[in-house]
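Counted from 1, the sequence shown has number 772 at position 33 by the working numbering; the numbering is strictly sequential.
As structure tokens, the structure follows; a few thoughts come after it.
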Amino acid sequence: MQAPTHPLNADLHCHSLFSDGTLTPAALAQRAKDNGVELWALTDHDEIGGQREALAAAARLGLPAVTGVEISVSFAATSVHIVGLGVDPDDAALRDGLRATRAGRERRARAMADDLARAGIGGSFEGALRHAGNPELISRTHFARHLVDSGVCRDMRAVFAAYLVRGKPGYVEHCWASLGDAVRWITQAGGIAVVAHPGRYRFTPNEEFALFAEFKAHGGRAVEVVTGSHSGADAVRYAALAIELGLLASRGADFHAPGESRVDLGRLPGLPRTLEPVWAALGDRVQRT
Ligand code: AMP
Ligand code: MN
Ligand code: MN
Ligand code: MN
């Protein structure tokens, strides 16, 4: 028998054209609505430029929504993502922090392209930039799409198996924001900080313990339990961790593009009833319609 789950179809993690998604914020709001989402957040990587359009579209559709962002952080030589929900998009320190975090992307992308060229794949900076539009937002996802449509790999999964990850061509070490800065930018902008898809990081148990201990010490309050990036076993594991550490639980598909993302908006398993959902703490941060 299935364990009881929270009834609200909340989806609090996805990406638009303002980062590495392929849809506009308004098209994502429509897709969320069509898929039965009842509380929605757009969480672009290091960027809040899509928030106004997202909230306006959600209001037109009668879709309750909350602002969001997904900040890239370096922790124990790994990229960790911290989602912020309910942040004030006009907060100056948050905006400055995100701008600084985005600033290194173009240089990193040129180094990635140089490394791919050494492996015999030329022209990838220009190819990735065609997908990204803006060099400030260029990401591994845009390189991956270019490697697929230029015929180097058959799909995104094949790209991330052979390229762009540590030890493979096209991987470049990068220094993102610090964990403490990211959590502070979010909380001081009125938001709730959430550890995104913890099942994706390849940490030792000690490193993972340190991540959560430091995250909480800086004021972080929640963890994604049900996400498109987790297996069923990951969800069980992080549900237990949420209870053990007293963290709120979040749920989001991490949808990027039709035909590319494993899970569509609003089409995730429910959050177990044993957990305190992050939306119980969002309060006035939710734009209700
Ligand atoms: P970046 O911020 O440039 O390091 O790019 C990270 C993005 O690459 C993530 O947000 C995902 O969208 C994508 N990505 C990373 N690893 C994978 C993977 N194994 N499969 C598919 N997409 C991935
Ligand atoms: Mn992404
Ligand atoms: Mn992420
Ligand atoms: Mn994401």
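Just so it is clear, CB atoms sit at the ideal spot from N, CA and C, and this is done for glycine as well.
Taking 7 Å as the cut-off, is the beta-carbon of residue i closer than that to any non-hydrogen atom of ligand 6?
{"i": "D973", "result": "Ligands in the displayed structure: ligand 1, ligand 2, ligand 3 and ligand 4; ligand 6 is not one of them."}
From residue i to residue j, what does the alpha carbon distance come to, in whole angstroms?
{"i": "F757", "j": "E946", "result": "32 Å"}
{"i": "R1027", "j": "W779", "result": "11 Å"}
{"i": "R960", "j": "A1019", "result": "12 Å"}
{"i": "A793", "j": "E809", "result": "15 Å"}
{"i": "E875", "j": "Y902", "result": "21 Å"}
{"i": "G906", "j": "D853", "result": "15 Å"}
{"i": "D773", "j": "L800", "result": "10 Å"}
{"i": "G998", "j": "G789", "result": "22 Å"}
{"i": "V887", "j": "R896", "result": "10 Å"}
{"i": "P828", "j": "S989", "result": "21 Å"}
{"i": "A974", "j": "V965", "result": "6 Å"}
{"i": "D908", "j": "F882", "result": "The sequence shown places Pro at residue 908, rather than the Asp named in the question. When rounded, the distance between both Cα atoms is 12 Å."}
{"i": "S863", "j": "G938", "result": "30 Å"}
{"i": "R941", "j": "A921", "result": "20 Å"}
{"i": "V898", "j": "E845", "result": "20 Å"}
{"i": "L984", "j": "R1001", "result": "29 Å"}
{"i": "W924", "j": "A831", "result": "9 Å"}
{"i": "A848", "j": "T782", "result": "22 Å"}
{"i": "I877", "j": "A979", "result": "36 Å"}
{"i": "A795", "j": "P803", "result": "11 Å"}
{"i": "G1009", "j": "A816", "result": "32 Å"}
So, for residue i: in the same chain, excluding its five sequence neighbours on each side, which residues have a beta-carbon less than 8 Å away from its beta-carbon?
{"i": "H995", "result": "C753, H754, D759, G760, T761, T880"}
{"i": "L747", "result": "E777, L778, P1016, W1018"}
{"i": "P743", "result": "P1011, R1012"}
{"i": "R841", "result": "D785, E786, E875, L876"}
Put residue i into one of helix, strand or coil per three-state DSSP.
{"i": "S863", "result": "helix"}
{"i": "R976", "result": "helix"}
{"i": "W924", "result": "helix"}
{"i": "E999", "result": "coil"}
{"i": "A771", "result": "helix"}
{"i": "P1016", "result": "strand"}
{"i": "V898", "result": "helix"}
{"i": "A932", "result": "strand"}
{"i": "R879", "result": "helix"}
{"i": "G991", "result": "strand"}
{"i": "G807", "result": "strand"}
{"i": "P1011", "result": "strand"}
{"i": "V965", "result": "strand"}
{"i": "A815", "result": "coil"}
Please report the Cβ distance between residue i and residue j, rounded to the nearest whole angstrom; I am assuming they are in contact, meaning their Cβ atoms lie under 8 Å.
{"i": "V805", "j": "V933", "result": "About 12 Å; that fails the 8 Å criterion."}
{"i": "D750", "j": "A765", "result": "The pair is not a contact, with the Cβ atoms about 16 Å apart (cut-off 8 Å)."}
{"i": "A850", "j": "V911", "result": "5 Å"}
{"i": "G967", "j": "L1007", "result": "7 Å"}
{"i": "S811", "j": "H784", "result": "6 Å"}
{"i": "A916", "j": "G836", "result": "7 Å"}
{"i": "H969", "j": "H936", "result": "6 Å"}
{"i": "G929", "j": "V819", "result": "That belief does not hold up - the Cβ atoms of G929 and V819 are roughly 22 Å apart, past 8 Å."}
{"i": "G1005", "j": "G807", "result": "The Cβ separation is near 15 Å, so there is no contact."}
Excluding the 5 residues flanking residue i on each side, which residues of the same chain have their C-beta closer than 7 Å to its C-beta?
{"i": "G866", "result": "H885, S889"}
{"i": "T926", "result": "A932, G958"}
{"i": "A900", "result": "none"}
{"i": "A858", "result": "P908"}
{"i": "I860", "result": "V891"}
{"i": "D894", "result": "V887"}
For residue i, I'd like the list of residues in its chain whose CB is within less than 6 Å of its CB, leaving aside the five on either flank, ordered along the chain.
{"i": "L987", "result": "R960, A961, E1015, V1017, A1020"}
Check: Around ligand 2, which residues pass a check of Cβ closer than 6 Å to any of its heavy atoms?
Finding: H754, D759, H784, T880, H995
Next item on the list: Give every residue whose Cβ lies closer than 6 Å to any heavy atom of ligand 3, listed in chain order.
Entry: E809, H820, A935, H936
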